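A.B. asks: As they're listed, the protein sequences go chains A and B. Using our numbering, you'd call the opening residue of the first sequence number 11 and step up by one each time. Using our numbering, you'd call the opening residue of the second sequence number 11 and step up by one each time.
2 protein chains.
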Amino acid sequence: MKKAIVLLSGGMDSAVTLFMARKDHDVEALIFDYGQKASKEVDRAILVAGAAKVPYTVVDVELPWRGSSLTDPDIAIPTAEESEGAKIPSTYVPARNIIFLSYGVSLAEASGAEAVYIGAHQVDYSNYPDCRDVFFAGFRKTVEAGTRSGTEGASIRIETPILNFSKGDIVKKGVELGVPFELTWSCYDEGKTPCGRCESCVLRAKGFADALVPDPLLAKNE
Amino acid sequence: MKKAIVLLSGGMDSAVTLFMARKDHDVEALIFDYGQKASKEVDRAILVAGAAKVPYTVVDVELPWRGSSLTDPDIAIPTAEESEGAKIPSTYVPARNIIFLSYGVSLAEASGAEAVYIGAHQVDYSNYPDCRDVFFAGFRKTVEAGTRSGTEGASIRIETPILNFSKGDIVKKGVELGVPFELTWSCYDEGKTPCGRCESCVLRAKGFADALVPDPLLAKNE
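1) Give, in chain order, every unbroken run of the beta strand (DSSP E) that is at least 3 residues long and sits entirely within the region 115-157 of chain A.
2) Compare the C-alpha of residue 209 of chain A against each of A:185, A:169, A:86, A:43 and name the closest.
3) So with CB distances below 7 angstroms, who are the chain A contacts of residue 108 of chain B?
4) Within the same chain, show all residues whose beta-carbon is closer than 7 angstroms to that of residue 212 of chain B, passing over the 5 residues directly before and after it, in chain order.
5) According to DSSP, is residue 207 of chain B part of a helix, a strand, or is it coil?
6) Using a C-beta cutoff of 8 angstroms, does residue 119 of chain A count as contacting chain B?
7) Taking only the alpha-carbon atoms, compute the straight-line gap between residue 10 of chain A and residue 183 of chain A and give it to the nearest angstrom.
8) Would you call the region 56-64 of chain B and the region 162-177 of chain B in contact, with 3 or more CB pairs under 8 angstroms?
9) Quick check: the Cα distance between residue 110 of chain A and residue 116 of chain B, rounded to an integer number of angstroms?
10) What ranges does the beta strand (DSSP E) occupy inside the region 25-70 of chain A, keeping only unbroken runs of at least 3 residues that lie completely in it?
11) Say whether chain B places a C-beta atom closer than 8 angstroms to the C-beta of residue 144 of chain A.
12) Can you list, in chain order, the residues of its chain whose CB lies under 7 angstroms from that of residue 243 of chain B, leaving out five sequence neighbours each side?
13) If you drop the 5 nearest sequence neighbours on each side, which residues of the same chain put their C-beta closer than 6 angstroms to that of residue 118 of chain A?
14) Kindly list the residues whose CB is nearer than 6 angstroms to the CB of residue 221 of chain B, restricted to its own chain and excluding five residues on each side of it in sequence; keep chain order.
15) Since residue 71 of chain B and residue 43 of chain B should fall inside the 8 angstroms C-beta cutoff, what is the C-beta to C-beta distance between them, to a whole number of angstroms?
16) Between the Cα of residue 130 of chain A and those of A:65, A:123, A:142, A:68, spot the shortest distance and give me the residue it belongs to.
17) Measure the C-alpha to C-alpha separation of residue 112 of chain A and residue 34 of chain A and round it to an integer number of angstroms.
18) Which residues bound the beta strand (DSSP E) around residue 233 of chain B?
19) Between residue 221 of chain A and chain E, is any beta-carbon pair separated by less than 8 angstroms?
20) Which of the three DSSP states, helix, strand or coil, is assigned to residue 185 of chain A?
21) Can you grab the Cα-Cα spacing for the pair residue 194 of chain A / residue 83 of chain A, in whole Å?
Set out below in structure tokens:
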């Protein structure tokens, strides 16, 4: 099987993407510690990689300028209701997916992988500009023009297999593939249990409700 | 004056770019420590920022997979002659400029800067794909589509003021602007003095020769 890199966050979307990519690729997970308040994401990502039996690399991404409620201790994580008014909510992290994908492409080139997978989706999502097909189209052109693989051989593919899945579709696909949802973490905040109020918690709940499946993470906390 | 971010490497090209940008922007320098053998580049970049009287931020960029003779202790830095046969030499670092520009865009968005400057040039250069106009065109589209600034307001500009300068033009422009070339470091290797044989040393020498200006860095070492 050919090699692929999967960007793994600890959340449910990238976990499902990992299990999809694993079906026909020799997968390496790439995990980022970027100073997010929900630092347990990193531990959860490592657990998910372990459950999927794939090797992983954790990279520290320094963003000392912050610029997001996900990373700045002086800006509170908004509730889903508070986010709703904003075209792009304060949880947007400047250029985050461009940075993460760039690391993925770097590792792919250095390790001979043919693709980088990312679990972005643009249906039930938070209005992040870097989760939309128009962004990925631009990034693919950048990789094609700006890398050794793109100019001398086949460009590293940027794969977004759940881009047009609803949150419910993502849960269903994960159940089908045996994704250990109980290990994943979606909450933006740093509490011991999910806050249930941030946009990410609300979207996760919507996904499980739409799929008519109980969320095993919440079951554990009951 | 509006704010701009300048990617500063410690080499002569980004130093000239910094002094060009400084003329009409309130500049912040962004310096990367990415495990390069020529680690003194970082110190030199800090000295250049000091000479230009601009604030700076140093970011550690972890690339544990290496993939380049600039970072891998097991791969020797090639001489200019050895590089010449290669379409893209072993000194190419996978996705380096995509990563660096992405950090630049992140800082620009978080700090309200309107542009990111990079000292790439495609005339007397090393065949790096991520130094060509077609790459920057792709990256600009990526930023336009994938950032808050690009979708809600004016996209962060990616400025490449010396893209079509010859190495001699770069030296002449630097002399005109008072760039302290004696503080800059171009050699790819980790020696106390420039090796004089790597492609970067050879291109630097060509630049000073074409401009009919002695290189003050070599004068200091005599």
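For each residue, glycine too, the CB sits at the ideal point set by N, CA and C. Small disclaimer: the values here were computed from a predicted structure and weren't measured.
C.D. replies: Reading it off the structure:
1) Taken in chain order, the unbroken stretches of beta strand (DSSP E) that lie wholly in the region 115-157 of chain A and span 3 residues or more are 125-127.
2) Position 199 of the first sequence, counted from the first residue, corresponds to residue 209 of chain A. Ranking the options by Cα distance to residue 209 of chain A, first place goes to A:86.
3) Your numbering for residue 108 of chain B matches position 98 in the second sequence. Chain A residues near residue 108 of chain B: 112, 115, 152, 156.
4) As a first step, residue 212 of chain B is located in the second sequence; it is residue number 202 there, counting from the start. For residue 212 of chain B, where only same-chain residues beyond five positions count, the Cβ hits under 7 angstroms are 90.
5) Counting from 1 along the second sequence, the entry for residue 207 of chain B is found at position 197. DSSP, reduced to helix, strand and coil, places residue 207 of chain B outside both helices and strands of the structure shown, so it counts as coil.
6) Here residue 119 of chain A refers to the residue found at position 109 when the first sequence is read from its first residue. At a cut-off of 8 angstroms between C-beta atoms, residue 119 of chain A counts as an interface residue with respect to chain B.
7) Here chain A covers residues 11 to 232 and nothing more, so residue 10 of chain A does not appear.
8) No, because fewer than three Cβ pairs between the region 56-64 of chain B and the region 162-177 of chain B fall closer than 8 angstroms, the two stretches do not touch.
9) If you number the first sequence from 1, residue 110 of chain A lands on position 100. If you number the second sequence from 1, residue 116 of chain B lands on position 106. Distance between the alpha carbons of residue 110 of chain A and residue 116 of chain B is about 12 angstroms.
10) Fully enclosed beta strand (DSSP E) runs of 3 or longer: 36-43, 66-70.
11) Position 134 of the first sequence, counting from 1, holds the residue named residue 144 of chain A. Taking 8 angstroms as the CB threshold, residue 144 of chain A lines the interface with chain B.
12) Nothing can be reported for residue 243 of chain B, as the shown portion of chain B is limited to 11 through 232.
13) Within the first sequence, numbered from 1, the residue matching residue 118 of chain A stands at position 108. Taken in chain order, the residues that qualify are 15, 126, 166.
14) As a first step, residue 221 of chain B must be located in the second sequence, where it is residue number 211. Excluding sequence neighbours, residue 221 of chain B sits near 178, 181, 182.
15) Taking the second sequence and counting its residues from 1, one reaches residue 71 of chain B at position 61. Taking the second sequence and counting its residues from 1, one reaches residue 43 of chain B at position 33. Between residue 43 of chain B and residue 71 of chain B the Cβ distance is about 7 angstroms, and since that is below 8 angstroms, they are a contact.
16) Within the first sequence, residue 130 of chain A is the residue found at index 120, counting from 1. Its Cα nearest to that of residue 130 of chain A, the residue A:142 stands out among A:65, A:123, A:142, A:68.
17) Position 102 of the first sequence, counting from 1, holds the residue named residue 112 of chain A. Position 24 of the first sequence, counting from 1, holds the residue named residue 34 of chain A. C-alpha separation (whole angstroms): 23 angstroms.
18) With chain B running from 11 to 232 in the structure shown, residue 233 of chain B is simply not present.
19) Checking the listed chains, one finds no chain E in this structure; the protein chains it contains are A and B.
20) Here residue 185 of chain A refers to the residue found at position 175 of the first sequence. Residue 185 of chain A falls in the helix class under three-state DSSP.
21) Start at 1 with the first residue of the first sequence, and residue 194 of chain A comes out as number 184. Start at 1 with the first residue of the first sequence, and residue 83 of chain A comes out as number 73. Approximately 23 angstroms, taken between the alpha carbons.
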